[in-house]
Amino acid sequence: MEYKLRKAEPKDVPDILRLVKELAKYEEMEHQVALTEKDLLEDGFGETPFYHCIIAEIQGESSSEDPKVGGFAMYYFTYDPWVGKQLYLEEFYVMNEYRGLGMGSEILRHLSDLAMKTRCTGMMFVVAENNAPSMQFYKRRGAEDLSQEEGWRLFRFDKDSLLKMATPAEE
Amino acid sequence: MDFSIRAANVEDCKDIARMIVVSRHVRTYLEQDGFSKNPFFHGIIAEVPEQLRTKDGHTKVGYALYFYSYSSWAGRAIYMEDLYVMPEFRGKGIGKALMSKVAQLGLAAGCNQLNFTVLDWNKSSRDFYMSQGCCDVTTSMGYHCMRCEGEALQHLAQP
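For the record, the sequence lines run as chains A and B.
Residue numbering for the first sequence follows the numbering used here, beginning at 1 and increasing consecutively.
Residue numbering for the second sequence follows the numbering used here, beginning at 172 and increasing consecutively.
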C-alpha cells in the first residue's frame, strides 16, 4: 500500500475531525470532543493559524480510486525560555487498518526534521500513563518523561474557572 | 500595594531576562524570539510606582510569559509559560493580577483553556492554583509531559 505525507488543506477538515474523534474514542473520551469542523477551519486555515497538520494519504488501488486519509499529526510551536522554541505535538494518530506500514514512524521523522529545520531544540507532547504502547513507542525513541523525571504536573483552568479568574476581585 | 499590569515591549527585555535569571538561571534569546515580527511568546509586566522601587532602582517587579496553543478536543487555548514576582513584592496580589490578566487575554482571543505546569515539590504553588479553580491534569488523567531533544531528536529526524 502506497502512502504519502503532505500538508493539510481546508478540504481535509472533515477527515481531521473524524480522526480526532477516533483517537478520543480509543482513549474512551469521545464525549469530550467539543470541536466542530467550523472551529478547525477557522483556527487552522485563517490569518493566524493556531495549529498545523500533516496528513498521511493512502493512494487508491487503481487510478480511479480516490486517495484516503489514513493518519495525521496536529502540531504547533511553543516556547521554553530555558531552551527556546519547541515543536509541540498535540495529536498523532494512524487508523487501525493502516498500521504496520511505517506511517507513524515516517510522520514522527518528518516532524523531527521540521523541528530541527525551524530551530526548535525539542519536540514536546503528552502521553497518558496508562497508554503503555504509546509510552514504549516514545521512550524507545529517546523521549524523556518530564513528569516522572523532573516532577512536572500539567495544570488546567477550564472555561468556567477562566471566566472566574478573569473577573477582578471585589474591593 | 499600588501596582499596574501592562503588555511587555522590547525595552522590558533586560528586566525580564534579569527576573528569568533569578528564577531560571540561564540566558536566552528573548529579544529575537519575543519581540520581533512573528513572536513565539508574549509577555506582561507588573510595575510599581517610583517611590516603591527596589534597592537597585527596579520598578518592574513581576512578569508572565504566555503563548497560544490548541487542544484537539477543546480548540483554542492559552499557555502560561512563566509567572514570577520578586520575593519582596509577594503576598500583595501581584501574582494573582498577572494570572488574571493572562486569563482575560485568553478569553479575548477565544480560548477555552489556560494550561501551565507546576513542579511536584512546589506545594504552595500547587495549593494556590487549586484554590483558584484549577485541575491537576497529570494526577486526574495521568497525563505525562514528554520531551525529545538533542541527540534523540536528531536521531528521530534521520531517514
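Beta carbons: idealized from backbone N, C-alpha and C, even for Gly.
What you are looking at is a predicted structure, and each value in this text was computed from that prediction instead of being measured.
Under the rule that 16 or more other beta-carbon atoms within 10 Å means buried, what is A/H175, buried or exposed?
No answer is possible for residue 175 of chain A: the residues shown for chain A start at 1 and end at 171.
Could you compute how far the alpha carbon of A/L111 sits from the alpha carbon of B/A328?
8 Å
List the endpoints of the continuous beta strand (DSSP E) containing B/M251.
G246 to V256
Please specify which runs of the alpha helix (DSSP H), each continuous and at least 4 residues long, are wholly inside the stretch 265-311 of chain B, giving them in chain order.
265-279 and 294-302
Helix, strand or coil at B/L327 according to DSSP, with G and I counted as helix:
helix
Could you check where the alpha helix (DSSP H) with A/F45 kicks off and where it finishes?
E37 to F45
Measuring straight from C-alpha to C-alpha, what distance separates A/D66 and B/N293?
54 Å
In angstroms, rounded to a whole number, what distance separates the CA positions of A/T118 and B/D173?
42 Å
Starting from B/D204, trace the alpha helix (DSSP H) in both directions and tell me its first and last residue.
L201 to G205
Compare the beta carbon distance of B/R247 and B/Y255 with 8 Å and say whether it is the shorter of the two.
no
In chain order, what residues of the same chain have a beta carbon less than 7 Å from the beta carbon of B/Y300, not counting five sequence neighbours either side?
V289
Here's the rule I'm using: 16 or more other beta-carbon atoms within 10 Å means buried, otherwise exposed. How should B/G262 be labelled?
exposed
Residue range of the unbroken alpha helix (DSSP H) whose run includes B/G214:
First-last for B/G214: H213 to E218, but that is the beta strand (DSSP E), not the alpha helix (DSSP H).
Going by Cα to Cα distance, which pick from A/F155, A/Q86 and A/D43 is closest to B/D291?
A/F155
Between the CA atoms of A/Y76 and A/D113 - distance to the nearest angstrom
14 Å
Contact list for A/A73 against chain B, beta-carbon separation under 8 Å:
Neighbours of A/A73 on chain B: none; closest Cβ ~11 Å, over 8 Å.
When Cβ atoms are compared, which residues of the stretch 136-162 of chain A fall closer than 9 Å to chain B?
Y138, K139, R141, G142, A143, E144, D145, L146, S147, Q148, E150, G151, W152, R153, L154, F155, R156, F157, D158, K159, D160, S161 and L162
Is the beta carbon of A/A56 sitting closer than 8 Å to the one on A/L89?
no
Residues from the stretch 263-291 of chain B in contact with chain A, defined by Cβ distance under 7 Å
M270, S271, A274, Q275, G277, L278, N283, Q284, L285, N286, F287, T288, V289, L290 and D291
Contact criterion: CB-CB distance below 8 Å. Does A/L101 meet it with respect to chain B?
no
Using the rule of at least 16 other Cβ atoms within 10 Å of the residue's Cβ for burial, across every protein chain shown, is B/E218 buried or exposed?
buried
Tell me the residue span of the alpha helix (DSSP H) that contains A/Y3.
It is not in any alpha helix (DSSP H) - A/Y3 instead sits in the beta strand (DSSP E) that spans Y3 to K7.
C-beta neighbour in chain B for A/R221, strict 8 Å
In the structure displayed, chain A extends from 1 to 171; residue 221 of chain A sits before or after that span and is not available.
Under 7 Å by beta carbon: chain A residues contacting B/L236
P81
In the DSSP assignment, find the alpha helix (DSSP H) that holds A/R109 and state where it starts and stops.
M103 to K117
Check whether the Cβ atoms of A/A143 and B/R318 sit closer than 8 Å, and answer yes or no.
yes
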